[in-house]
Amino acid sequence: MSKQVTKAVIPAAGFGTRMLPFTKAVPKELIPLVDTPVLQYVVEEAVASGANEILVVISEGKDAVKNHFSPAEDLEKRLHDSGKELLLESMQKINTLADIRYVYQSELNGLGGAVALAGEFVGNDPFFVLLGDTVMDSADALPVSGQLAVLYEKYGDPVVALAEVPLEKVSSYGIASGSEIAQGVWLLDDLVEKPDVASAPSRMAVSARYLLTPDIFPELGRIKPGKNNEMQLTDAIRELLQKRRFYGCQVKGKRYDLGSVSGFIAANVEFAMRRPELQEVLGRQILDILKEKNIL
Ligand code: UTP
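All residue numbers for the sequence shown refer to our numbering, where the first residue is 1340 and numbers rise by one.
Pasting the structure below:
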């Protein structure tokens, strides 16, 4: 099996109920982070991490996702005719980021169900999985998925991204159990879904990015659906890590979950404040609001 990871699977089929009513007609993965859909950041991360073939899992009613990564002839002509060459270039770049394919998840039976659809695409190769509604803003020269690829090149075994969370938040995440064998490198012996504070094996939470090997597919075929009839990717990983080495990589970077209202707003404020043209005016508005609410 090649040690180069050139394929990525991006699950983007979910209902996005936490962002209703917006997600009634618009895919949550097209929610903007300032002016760019979250899924574009995710595709760009996959490409910058070495992937040139990408499979996006969508569902009925989410064709706008396809449109975003396809040429828009009328728009491009208009931008050309009005001399907006820079904007035209950045629009055309979106169409040529990678070889992007799509598969439809007909029954929305969870993240495990979405990844299970990628068997044919993946073949015998290792592959990244990137949640389509979550931006990982790397604090390293390498993007977060690229950090996982470094471990894969070294060990040849699958890797999940881990991030340390405050103790009181462990019950919201899948938490790693295992030993830290080198700085930031965990050899996993289990993953515990949403443990109580008292029984949490660590504070390292599974964090929206995975680097998997094709032997995950037989495990996905065997797991049983749980709550809401959803098949959990974590359950398949738990089975696989009994049979082979499985690593956790404490990634350098920050997670932005755009699929929740608070995550969406906080991420937008933070990313907008990085834009010099928005910083001053937005900063002043935020200060005024905080003072008005007696928060400052
Ligand atoms: P979430 O659990 O956050 O997505 O999945 P959701 O179910 O759409 O969200 P809520 O809880 O109803 O608001 C993380 C990623 O996995 C995809 C989602 O589209 C999202 O990008 N996903 C989830 C699928 O592709 N298929 C599924 O069946 C479930």
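All C-beta atoms, glycine included, are put in the ideal place defined by N, C-alpha and C.
With C-beta atoms as the reference, is residue i less than 8 Å away from residue j?
i: Ile1397; j: Val1404; result: yes
i: Val1474; j: Ala1385; result: no
i: Arg1637; j: Glu1503; result: This structure cannot speak to residue 1637, because the chain is shown only from 1340 to 1635.
i: Ala1544; j: Gly1513; result: yes
i: Tyr1491; j: Lys1342; result: yes
i: Ser1477; j: Val1483; result: yes
i: Leu1580; j: Leu1527; result: yes
i: Gly1602; j: Ala1488; result: no
i: Val1395; j: Ile1439; result: yes
i: Ser1546; j: Ala1500; result: yes
With a 10 Å radius around its C-beta and 16 neighbouring C-beta atoms as the bar for buried, classify residue i as buried or exposed.
i: Phe1354; result: exposed
i: Gly1400; result: exposed
i: Pro1350; result: buried
i: Gly1462; result: exposed
i: Ala1537; result: exposed
i: Thr1356; result: exposed
i: Gln1522; result: exposed
i: Thr1362; result: buried
i: Ser1409; result: exposed
i: Ile1604; result: exposed
i: Thr1435; result: exposed
Straight-line CA distance for residue i to residue j?
i: Val1498; j: Lys1367; result: 26 Å
i: Gly1565; j: Ala1437; result: 35 Å
i: Ser1599; j: Gly1517; result: 30 Å
i: Lys1630; j: Pro1465; result: 51 Å
i: Glu1578; j: Val1377; result: 31 Å
i: Gln1281; j: Arg1594; result: With the chain covering only 1340 through 1635, there is no way to say anything about residue 1281.
i: Ala1480; j: Val1454; result: 28 Å
i: Gln1444; j: Leu1450; result: 10 Å
i: Asn1391; j: Thr1345; result: 6 Å
i: Glu1383; j: Gly1485; result: 12 Å
Please list the terminal residues of the continuous alpha helix (DSSP H) segment that includes residue i.
i: Lys1405; result: 1403-1407
i: Glu1399; result: Careful: Glu1399 lies outside any alpha helix (DSSP H) and carries neither H nor E.
So residue i is in the beta strand (DSSP E); what residue range does that whole segment cover?
i: Pro1350; result: 1346-1350
Can you find at least 3 beta carbon pairs, one from the region 1554-1570 and one from the region 1585-1596, that sit closer than 8 Å? no
Cβ pair count under 8 Å reaching 3, the region 1610-1624 against the region 1532-1541: no
Do three or more CB pairs link the region 1428-1443 to the region 1468-1487 at distances below 8 Å? no
Segment contact flag, the region 1579-1586 with the region 1504-1512, C-beta cutoff 8 Å, min 3 pairs: no
Meets three-Cβ-pair contact criterion under 8 Å: the region 1450-1460 and the region 1553-1560: yes
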